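Sequential numbering from 73 applies to the sequence shown in the numbering used here.
Positions of the beta carbon are idealized from the N, C-alpha and C atoms, including for glycine.
It should be emphasised that the depicted structure is a prediction, and the values quoted were computed from it without experimental measurement.
Since the structure comes first, as structure tokens, the remarks are kept for the end.
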Amino acid sequence: MSYVDEVLEIVQKKNADQPEFLQAVTEVLDSLRPCIDANEELYRKNAILERITEPDRQFMFRVPWVDDKGQVQVNRGFRVQFNNAIGPYKGGLRLHPSVNLGIIKFLGFEQIFKNSLTTLPIGGGKGGSDFDPKGKSDREIMAFCQSFMTELCKYIGADVDVPAGDIGTGAREIGFMFGQYKRIRGMYEGVLTGKGLTYGGSLVRTEATGYGLLYLTQELLKCHGESMEGKTVCVSGAGNVAIYAIQKAHQLGAKCVTCSDSTGWIYDPEGIDVALLKEVKEVKRARLTEYAAARPSAQYHEGRGVWQIKCDIALPCATQNELLLDDAKQLVANGCKAVCEGANMPTTLDATKYLQENGVWFVGGKAANAGGVATSALEMSQNSERLSWTFEEVDAKLQNIMVTIYHNIDDAAKRYGVEGDYVAGANIAGFEKVVEAMLAQGVC
Ligand code: NDP
């Protein structure tokens, strides 16, 4: 039996009640096979796979807080510190009723490789709680965040573990948590990222994922003898990632003709008006029907459908499983050249396979949307230096990072005989760096 299959069996036995974690480990190890098979003896002797699939440690704790009626509520808090071979643990805090240990472990495991890919010194971790922020008052959110941090602060620190936002944890929650950490530990340090600009946050963090996606896409095209200039782009989503992806695509000379939200989508052959889209989504928090009402060239359609529009480049930036096999077929039939994922897991496995088999350059989210976490790591650097870099400085570093990521994943795929498979390339490039550090640091 191969080393990968042997370890998958062990992981399955040990974590039978954690389907999301098992799925993530299976998918990652499967795509690493060319690299693991080539180094089987060394990795087996050092139990690399057994070690990398077992978190360094995991914390589960009670989070009691008082609601607006005076009733005590109890949630469960988590922090999984998965692997710190290349730097302090880093990963978001998810606040959602679906959160459990298996989900946090799955996210923490994936984070190891994504963080490694950024080229910056950050390890992998993840945390959160089954607390549901929906419908809670500001006071209730603060009560929860303070209680959560009262326990979490024992395990984190600027050089130990630096959590960030994730689903349900935005600027407001990060602010409340940062305040409580400071109060209990008496230390003003960059222990969280995603902070407000007045207390240690970084410029470009808001734009980072969308801009980074375009920097990587631009490099991908350049290396295939093409450019963004004059290209037609289809984007899905109308949130943080989508808005700044569209903005940067336009700056690079392309034309984005679509966007979408959870109820409908826009086709605007004149190109999406980013200022109007920001007004509708960031300021008014309204539906896309308002965009169409204010823009004569735009057509609004109910439901989903952006991928039926003819384009050179498709950038799914909304949510998971939003680009299906039929969409992939339509994109190929329309001559689409590249698909780069702004969202996490927007393309289903069969759609990914179809795109790859039909010559579309496909870059998965692990590499293509890494600009967000990379800029969080730049926030850590600025906090350590006690300096704030200008927008241009952070943007230049982000661009450099995304170009390097592209070349690293391209090289890794070539070295293991899977040229052009940027999904395998991303997993291999992220994995290799972590393993090299683990081997250098001995048995730990
Ligand atoms: P937002 O919540 O800001 O935006 C998500 C957008 O997608 C919204 O416009 C939403 O519509 C739309 N949407 C949700 N569900 C659907 C659907 N079923 N069909 C079409 N549109 C839909 O999130 P972000 O932009 O921050 O994140 C988008 C994706 O990118 C997520 O997968 C996230 O995990 C990933 N990501 C984000 C990073 C970041 O820095 N923000 C970093 C790395 C990954 P509506 O307006 O109706 O809610």
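CB contact flag (residue 282, residue 313, <8 Å): Along the sequence shown, read from residue 1 onward, the residue named residue 282 stands at position 210. Along the sequence shown, read from residue 1 onward, the residue named residue 313 stands at position 241. Pairing residue 282 with residue 313 gives a Cβ-Cβ distance under 8 Å.
Check each residue's C-beta against every heavy atom of the ligand NDP and list, in chain order, those closer than 5 Å. Those residues that have a beta carbon less than 5 Å away from any non-hydrogen atom of the ligand NDP are, in order along the chain, 281, 309, 310, 311, 312, 313, 332, 333, 334, 390, 391, 415, 416, 441 and 444.
4-residue-minimum alpha helix (DSSP H) runs that sit fully inside the stretch 142-200, ordered along the chain: List check, alpha helix (DSSP H) in window: 173-189.
In three-state terms, what does DSSP make of residue 395? Here residue 395 refers to the residue found at position 323 when the sequence shown is read from its first residue. The answer is strand: DSSP assigns residue 395 an E or B state.
Would you check if there are 3 or more beta carbon pairs closer than 8 Å linking the stretch 405-422 to the stretch 194-214? With fewer than three CB-CB distances shorter than 8 Å, the stretch 405-422 does not count as touching the stretch 194-214.
Do residue 505 and residue 158 have their beta-carbon atoms positioned less than 8 Å apart in this structure? Counting from 1 along the sequence shown, the entry for residue 158 is found at position 86. Counting from 1 along the sequence shown, the entry for residue 505 is found at position 433. Result yes, Cβ atoms of residue 158 and residue 505 sit closer than 8 Å.
Taking the alpha-carbon of residue 214 as reference, which of 137, 170, 186 and 266 has the nearest alpha-carbon? The residue labelled residue 214 in the question sits at position 142 within the sequence shown. When C-alpha distances from residue 214 are compared across 137, 170, 186 and 266, the shortest belongs to 137.
Within 10 Å of its beta-carbon, does residue 456 have 16 or more other beta-carbons around it, so buried, or fewer, so exposed? Position 384 of the sequence shown, counting from 1, holds the residue named residue 456. Exposed, by the Cβ-count rule.
Verify whether the separation of the beta carbon atoms of residue 122 and residue 82 is less than 8 Å. As a first step, residue 122 is located in the sequence shown; it is residue number 50 there, counting from the start. As a first step, residue 82 is located in the sequence shown; it is residue number 10 there, counting from the start. Yes, the Cβ-Cβ distance between residue 122 and residue 82 is below 8 Å.
Tell me which same chain residues have a C-beta within less than 6 Å of the C-beta of residue 353, skipping the five on either side of it? Locating residue 353 in the sequence shown gives position 281, where the first residue counts as 1. Closer than 6 Å at the Cβ level, and outside the excluded window around residue 353, lie 310.
Just to confirm the assignment, what range does the beta strand (DSSP E) spanning residue 523 have? As shown, the chain starts at 73 and ends at 516. That puts residue 523 outside it, with no answer to give.
Would a C-beta distance cut-off of 8 Å place residue 104 and residue 463 closer than the cut-off? Start at 1 with the first residue of the sequence shown, and residue 104 comes out as number 32. Start at 1 with the first residue of the sequence shown, and residue 463 comes out as number 391. In terms of Cβ geometry, residue 104 and residue 463 do not form a close pair [threshold 8 Å].
Rounded straight-line distance, which links the Cα of residue 368 to that of residue 183: Working through the sequence shown from its first residue, we reach residue 183 at position 111. Working through the sequence shown from its first residue, we reach residue 368 at position 296. Straight-line Cα distance between these residues: approximately 43 Å.
How would you call residue 114, buried or exposed, if buried means at least 16 neighbouring beta carbons within 10 angstroms? For the purposes of this step, residue 114 is taken as residue 42 along the sequence shown, with counting starting at 1. The residue is exposed, with fewer than 16 neighbouring Cβ atoms inside 10 Å.
Extent of the continuous beta strand (DSSP E) run through residue 351: The sequence position of residue 351 within the sequence shown is 279, counting from 1. Counting along the chain, residue 351 falls outside any beta strand (DSSP E), and DSSP gives it neither H nor E.
Name the residue from 316, 284 and 322 whose alpha carbon lies nearest to the alpha carbon of residue 300. On the sequence shown, position 228 is the one that residue 300 refers to. Taking only the C-alpha atoms, the option nearest residue 300 is 322.
Sort 437, 356, 427 and 403 by Cα distance to residue 392 and report the nearest one. What you label residue 392 is simply residue 320 of the sequence shown in a count that begins at 1. Checking every option, the nearest Cα to that of residue 392 belongs to 437.
Hey, how far is the Cα of residue 374 from the Cα of residue 406? Walking along the sequence shown from the start, residue 374 turns up at place 302. Walking along the sequence shown from the start, residue 406 turns up at place 334. Computed Cα separation, rounded: 22 Å.
Does DSSP classify residue 255 as helix, strand or coil? By 1-based counting over the sequence shown, the position of residue 255 is 183. Looking at residue 255 - three-state DSSP - the assignment turns out to be helix.
For residue 84, I'd like the list of residues in its chain whose CB is within less than 8 Å of its CB, leaving aside the five on either flank, ordered along the chain. Translated into the one-based positions of the sequence shown, residue 84 becomes position 12. Around residue 84: 94.
Give the secondary structure of residue 107 by DSSP, where H, G and I count as helix, E and B as strand, and everything else as coil. On the sequence shown, position 35 is the one that residue 107 refers to. In this structure, residue 107 counts as helix in the three-state DSSP scheme.
Just to confirm the assignment: which complete alpha helix (DSSP H) runs, minimum length 4, are found wholly within the stretch 429-465? The stretch 429-465 contains these whole alpha helix (DSSP H) runs: 437-440 and 443-457.
Can you list, in chain order, the residues of its chain whose CB lies under 7 Å from that of residue 152, leaving out five sequence neighbours each side? What you label residue 152 is simply residue 80 of the sequence shown in a count that begins at 1. Apart from the 5 residues on each side of it in sequence, residue 152 sits with its Cβ closer than 7 Å to the Cβ of 127, 130, 176, 177, 180, 197, 198 and 199 in its chain, given in chain order.
Cβ contact check for the stretch 343-363 and the stretch 273-287: 3 or more pairs under 8 Å: No: the two stretches stay apart, fewer than three of their Cβ pairs being nearer than 8 Å.
Own chain, CB closer than 6 Å to residue 380, minus 5 neighbours either side, in chain order: For the purposes of this step, residue 380 is taken as the residue at position 308 of the sequence shown. The answer, listed in chain order, is 402.
When the Cα of residue 483 is compared with those of 471, 501, 474 and 469, which residue comes out closest? For the purposes of this step, residue 483 is taken as residue 411 along the sequence shown, with counting starting at 1. Taking only the C-alpha atoms, the option nearest residue 483 is 501.
Is the stretch 478-493 touching the stretch 445-460 in the sense that three or more CB pairs, one from each, lie closer than 8 Å? Touching, no.
Use the C-beta contact count for residue 125: other C-beta atoms within 10 angstroms, 16 or more gives buried, fewer gives exposed. Counting from one through the sequence shown, the residue named residue 125 turns up at place 53. Looking at its Cβ environment, which holds 16 or more other Cβ atoms inside 10 Å, residue 125 is buried.
What's the call for residue 166, buried or exposed, on a 16-neighbour Cβ count within 10 Å? In the sequence shown, counting from the first residue as 1, residue 166 sits at position 94. Classification of residue 166: buried, given that the 10 Å Cβ count is 16 or more.
Taking the beta strand (DSSP E) that residue 338 belongs to, which residues open and close that run? Here residue 338 corresponds to residue number 266 of the sequence shown, with the count starting at 1. 336-339 is the extent of the beta strand (DSSP E) around residue 338.
Whole-angstrom distance between residue 268 and residue 149, CA atom to CA atom: What you label residue 149 is simply residue 77 of the sequence shown in a count that begins at 1. What you label residue 268 is simply residue 196 of the sequence shown in a count that begins at 1. Taking the straight line from one Cα to the other gives about 24 Å.
So is residue 432 buried or exposed if we call it buried at 16+ other beta carbons inside 10 Å? Position 360 of the sequence shown, counting from 1, holds the residue named residue 432. By the neighbour-count criterion, in which a residue is buried when 16 or more other Cβ atoms sit within 10 angstroms of its Cβ, residue 432 is buried.
Throw me the rounded Cβ distance for the residue 284 and residue 238 pair, which I believe falls under 8 Å. Along the sequence shown, read from residue 1 onward, the residue named residue 284 stands at position 212. Along the sequence shown, read from residue 1 onward, the residue named residue 238 stands at position 166. In this structure, residue 284 and residue 238 do not form a Cβ contact; the two beta carbons are roughly 17 Å apart against a cut-off of 8 Å.
Please report the residue range of the beta strand (DSSP E) in which residue 129 lies. Locating residue 129 in the sequence shown gives position 57, counting from the first residue. Segment 129-138, the beta strand (DSSP E) holding residue 129.
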